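First the structure, in the form of C-alpha cells, and then the observations on it.
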Amino acid sequence: MRIAMISEHASPLAVLGGEDAGGQNTHVAELSTALAGAGHDVRVYTRRDSLGLPPTVRAGAGVTVVHVPAGPPEPVPKDSLLPYMPEFSRVLVGQWQTGDWVPEVVHAHFWMSGLAGITAGRQLGLPVVLTYHALGTVKRRHQGSQDTSPAPRVGYERALGRTVDRIVAQSQDEVRELVRMGISREQMTVVPSGVNLATFAPLGPAAPRTEGRARILSVGRLVERKGFQDLIRAMRLVPDAECVIVGGPPAGLVDDDPQARRLLDLAGECGVDDRVRLVGAVPREEMPQWYRSADVVVATPWYEPFGLTPLEAMACGVPVIGSAVGGITDTVVDGVTGDLVPPRDPQTLGRTVRRLLDDRIRRFGYATAALERARQHYSWQRTAEQLTAVYAAVGAVRRPTRAVA
Ligand code: UDP
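Given below as C-alpha cells:
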C-alpha cells in the first residue's frame, strides 16, 4: 500500500528532546519504518524548516521524507504554524495530482496535519486517517491561560473528528476525551504506539552509576507539565537515592537553560541539589543505556496523551512509577508492572518511590512483568499490523472527489 504520513511539525529526521520535538517524531519514524518493513511504500510529509533541506530524503528502505515548502524555511513554533496549512495542502495536491506517486491512504498526525490532509484528501478522493497525539481540550484544562494553541484548535479538532474516515486513538483515556467532545465512538479505533524492542532491551551497556546510591530516572522535555518539579520535591522523602533527569537542552547548555535553572534552583530550595542531576538531551540511540542504569523510572506528568518513555523503560526491564493520567493508565499496570500515583502529589510519589526502592522483591516482580507486557503488546510491528487493517478498511470505501475552496 502507498501510505502518505503527514506530520507537519514533527519530522522523523528531527533531533529529539527539544521543545517541540518528542514522542510524535519518534512515533512517525518508528511507525513508518515498521510499515515499510511489512512491505508498504511510505512517504512522510513534513514542513521544510531550513533552506538547506533537500526536497526529499530517503530515510531507510521504503521510507521517503518529503520536505514541504509551506511558510518560512526556518524553525517556527508549532503553535504559529496554522496560517501555513492551506499552502501545505496545496503542495500535497500539486504533488499527488501531477507526480508519479499517489497515496492510497493519508494518515495525518496532529490536528494541523489533519487539516492539510483532509483538504488534500477530499479533493482527490483519498481516505484520511487521523491520530491527534494531543488534544486541545486537555491542554487548555491543564494549562489555562498559558496555553498558546491557536484559538480555533478545539473547534477544528471536533470538526476533523467528525469528518475524517477514521480516528486512530492512542489510549482509552483519549477515547473518553473524544466522546466528551461530541465525537462518535464509532469513528475510533484504538491503536497504541509501540516501542522498538530491538533498541530498548534489558541487555546491553548501561550509563555509569554513582557508587552506593539507588537511581531514579526521569525522561522528557523540561516543560512544566512533565512534572519534574514534583519529582524533585518528592526526593526529600527518598534519602540516599539520586534523581537523574534526561532531556531538555543540549548537554553543554543545561546551566544556561531557564527551565533547567528553575528545576536546579528548586532542588537547592528542597535541600536535594547534591542528589539531583540534569543530563540534558541525549541522542535517541543512547537512551537505552540510561534506562538500564536505573532502579526505577518515574514518569509523573500532569497529563500525557500517550507517553513513550514509560514504555521504553518497561522494554528495558525497569519498573515504572507513573501518574495515573492518559496513556500511562493503559501501559503501566498498577501493582503489576509498576505503581500509579496521582499527578502533582510529591508526598505520595515520594512514599511510593521509597517503598519500591526498599523492596527488591517487588522491584524484580515489576521489572519482569513490565518487560513481558512491553514485548507482548507494544511492538511497532503489532502497531503496523493493526494500522494496516484500518487502512485497508477505509481504503475499501469508495468516496467521490470534490473541490475544496
Ligand atoms: N528522548 C530522547 N532524548 C532525550 C529525551 C527524550 O531521545 O534527551 C525521546 C524519548 O526516548 C521518547 C521521546 O523522546 O522516545 C519522548 O516521548 P514522550 O511520548 O515520552 O513525550 P513527548 O515529548 O512526546 O511529550
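FYI, my numbering numbers position 166 of the sequence shown as 147, with every residue one higher than the one before it. Every residue, glycine too, gets a C-beta built ideally from N, C-alpha and C. Fair warning: this is a prediction, and the values are worked out from it, not measured in the lab.
Residue i, DSSP secondary structure in three states
{"i": "residue 235", "result": "helix"}
{"i": "residue 90", "result": "strand"}
{"i": "residue 359", "result": "coil"}
{"i": "residue 66", "result": "helix"}
{"i": "residue 223", "result": "strand"}
{"i": "residue 380", "result": "coil"}
{"i": "residue -3", "result": "Since pLDDT at residue -3 reaches only 44, below the 50 mark, its modelled position is unreliable, and no value is offered."}
{"i": "residue 369", "result": "helix"}
{"i": "residue 164", "result": "coil"}
{"i": "residue 184", "result": "coil"}
{"i": "residue -17", "result": "strand"}
{"i": "residue -8", "result": "coil"}
{"i": "residue 24", "result": "strand"}
{"i": "residue 48", "result": "strand"}
{"i": "residue 300", "result": "coil"}
{"i": "residue 320", "result": "strand"}
{"i": "residue 175", "result": "coil"}
{"i": "residue 199", "result": "strand"}
{"i": "residue 273", "result": "helix"}
{"i": "residue 147", "result": "strand"}
{"i": "residue 386", "result": "Residue placement at residue 386 is flagged as unreliable, the pLDDT there being 46, under the threshold of 50; the coordinate-derived value follows with that caveat. Note: residue 386 maps to coil in three-state DSSP."}
{"i": "residue 136", "result": "helix"}
{"i": "residue 374", "result": "helix"}
{"i": "residue 212", "result": "helix"}
{"i": "residue 354", "result": "helix"}
{"i": "residue 253", "result": "coil"}
C-beta atoms of residue i and residue j nearer than 9 Å
{"i": "residue 328", "j": "residue 215", "result": "yes"}
{"i": "residue 206", "j": "residue 225", "result": "no"}
{"i": "residue 29", "j": "residue 67", "result": "no"}
{"i": "residue 170", "j": "residue 149", "result": "yes"}
{"i": "residue 25", "j": "residue 44", "result": "yes"}
{"i": "residue 325", "j": "residue 208", "result": "yes"}
{"i": "residue 229", "j": "residue 188", "result": "no"}
{"i": "residue 4", "j": "residue 288", "result": "yes"}
{"i": "residue 16", "j": "residue 365", "result": "yes"}
{"i": "residue 291", "j": "residue 152", "result": "no"}
{"i": "residue 359", "j": "residue -18", "result": "no"}
{"i": "residue 116", "j": "residue 85", "result": "no"}
{"i": "residue 180", "j": "residue 269", "result": "yes"}
{"i": "residue 136", "j": "residue 113", "result": "no"}
{"i": "residue 21", "j": "residue 369", "result": "yes"}
Presumed contact (8 Å Cβ cut-off) between residue i and residue j, rounded CB distance
{"i": "residue 72", "j": "residue 57", "result": "The Cβ separation is near 16 Å, so there is no contact."}
{"i": "residue 70", "j": "residue 101", "result": "5 Å"}
{"i": "residue 296", "j": "residue 178", "result": "6 Å"}
{"i": "residue 281", "j": "residue 203", "result": "About 14 Å separates the two Cβ atoms, so there is no contact after all."}
{"i": "residue 272", "j": "residue 321", "result": "About 19 Å separates the two Cβ atoms, so there is no contact after all."}
{"i": "residue 106", "j": "residue -13", "result": "17 Å between Cβ atoms; not a contact."}
{"i": "residue 164", "j": "residue 194", "result": "The pair is not a contact, with the Cβ atoms about 48 Å apart (cut-off 8 Å)."}
{"i": "residue 210", "j": "residue 245", "result": "Rounded, the Cβ-Cβ distance is 11 Å, inconsistent with contact."}
For residue i, the nearest candidate out of the options (CA to CA)
{"i": "residue 161", "options": "139, 176 and 146", "result": "139"}
{"i": "residue 346", "options": "315, 133 and 371", "result": "315"}
{"i": "residue 190", "options": "243, 274 and -16", "result": "274"}
{"i": "residue -15", "options": "356, 60 and 111", "result": "111"}
{"i": "residue 308", "options": "221, 223, 380 and 173", "result": "173"}
{"i": "residue 222", "options": "237, 255, 242 and 244", "result": "255"}
{"i": "residue 38", "options": "32, 47 and 31", "result": "47"}
{"i": "residue 64", "options": "90, 131, 342 and 253", "result": "131"}
{"i": "residue 218", "options": "126, 378, -9 and 332", "result": "332"}
{"i": "residue 182", "options": "88, 104, 299 and 313", "result": "299"}
{"i": "residue 92", "options": "103, 77, 76 and 60", "result": "60"}
{"i": "residue 301", "options": "27, 123, 278 and 88", "result": "278"}
{"i": "residue 376", "options": "175, 87 and 242", "result": "87"}
{"i": "residue 104", "options": "90, 116 and 78", "result": "78"}
{"i": "residue 146", "options": "154, 135, 166 and 134", "result": "166"}
{"i": "residue 382", "options": "-11, 108 and 14", "result": "108"}
{"i": "residue 176", "options": "32, 284, 343 and 265", "result": "265"}
{"i": "residue 51", "options": "41, 31, 42 and 121", "result": "31"}
{"i": "residue 336", "options": "33, 220 and 361", "result": "220"}
{"i": "residue 154", "options": "310, 10, 351 and -9", "result": "310"}
{"i": "residue 267", "options": "186, 7 and 236", "result": "186"}
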